[in-house]
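What follows is a set of notes on a single structure, which appears directly below.
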Amino acid sequence: MTMATYYKKLAFLAVAVFIAVVSAGQAAPIYAEDKAQLIFSLAQKLFDENVKAHGYTYWVGGNIGMPEDAQRPKGVAVGQAIPKFTFREFDGKASFTNETLTGPYVLNFWASWCGPCRNEFPLLVNAMEEESLTVPVYFVNTGELSKSDAQFFLLQYAKKVKVLTDSRSKFGNAVGLNFIPVTLLIDAEGNVQAMQPGEISALGVEFFAAIAENPGIGAFDWTKPNKMPTTKK
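All residue numbers for the sequence shown refer to this note's numbering, where the first residue is 86 and numbers rise by one.
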């Protein structure tokens, strides 16, 4: 082997190593600290939005909003198991319970006569279609005045969504769900990870998507909204 050939091979090897290192760096996973910072940033924005709109978001990592604006179904609390439920498919063919549904997933309680429900419905559907929200969403029709109105509303979504029904508002009455919409994020253990009473915004959907993918990561303190809390390792 000549010296010229040797140096050519050496140069080729060096380039190959450089490419491998760069590629590895690009594919490097996002560390928990970075994810926590991302979720905190979303929580900050959601806090500002909630304060202006008098909204409130419950989350196991720290509630987001001003306490005077808090409202929730009395029988549902974050960090606790979702109360027992039995929901049937909208066409009545099958039933789903808290024991048969495997988390994580989202429950969205709605009715066709509810304006805020109609506003947020496409936000959740689009998030699923775009795969920015990667957990399944079950749209639970409750307190419906006219099933035909609900069916007409759902025509525009065809088979894009999974619609269930809370027959005679049995679950809603049991947990004190006297207003809609309400959106719940249930984790893999069947516990309520987050809850949004009232209309969820595009930012709220983004926040739910982030914490669904990263359970147990991130924290927020409404008394110090500009300071990221230190979390225990």
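Glycine included, every Cβ here is placed at the ideal spot set by N, Cα and C.
From a predicted model like this one, the values you see are computed outputs, not experimental measurements.
Where the alpha helix (DSSP H) through residue i begins and ends
i    : result
M213 : G200 to E214
K232 : K232 to L239
Where the beta strand (DSSP E) containing residue i begins and where it ends
i    : result
I271 : V267 to I271
F125 : Here F125 belongs to no beta strand (DSSP E); instead the alpha helix (DSSP H) covers A117 to A138.
L336 : In the structure as shown, the chain starts at 86 and stops at 318, and residue 336 therefore has no counterpart that could be examined.
V145 : From DSSP, V145 is part of no beta strand (DSSP E); its letter is neither H nor E.
T171 : T171 to E174
Y223 : V222 to N226
Assigned secondary structure, residue i (DSSP; H/G/I helix, E/B strand, else coil)
i    : result
A179 : coil
R253 : helix
P282 : strand
N311 : coil
V260 : helix
Cβ pair residue i, residue j closer than 8 angstroms
i    : j    : result
I149 : F132 : yes
V163 : V145 : yes
L270 : I167 : no
T250 : F194 : no
E284 : E205 : yes
V161 : V277 : yes
A304 : L127 : no
I265 : A155 : no
A279 : Y141 : no
D272 : G188 : yes
Identity of the residues DSSP links to residue i by a beta bridge
i    : result
N276 : A166
V191 : V222 and L270
Cβ separation of residue i and residue j, assumed to be a contact under 8 angstroms, to the nearest whole Å
i    : j    : result
G289 : P158 : About 17 angstroms separates the two Cβ atoms, so there is no contact after all.
Proximity test, residue i beta-carbon vs the ligand FAD heavy atom, cut-off 7 angstroms
i    : result
S233 : The ligand content of the structure shown is nil, which means the ligand FAD is not present either.
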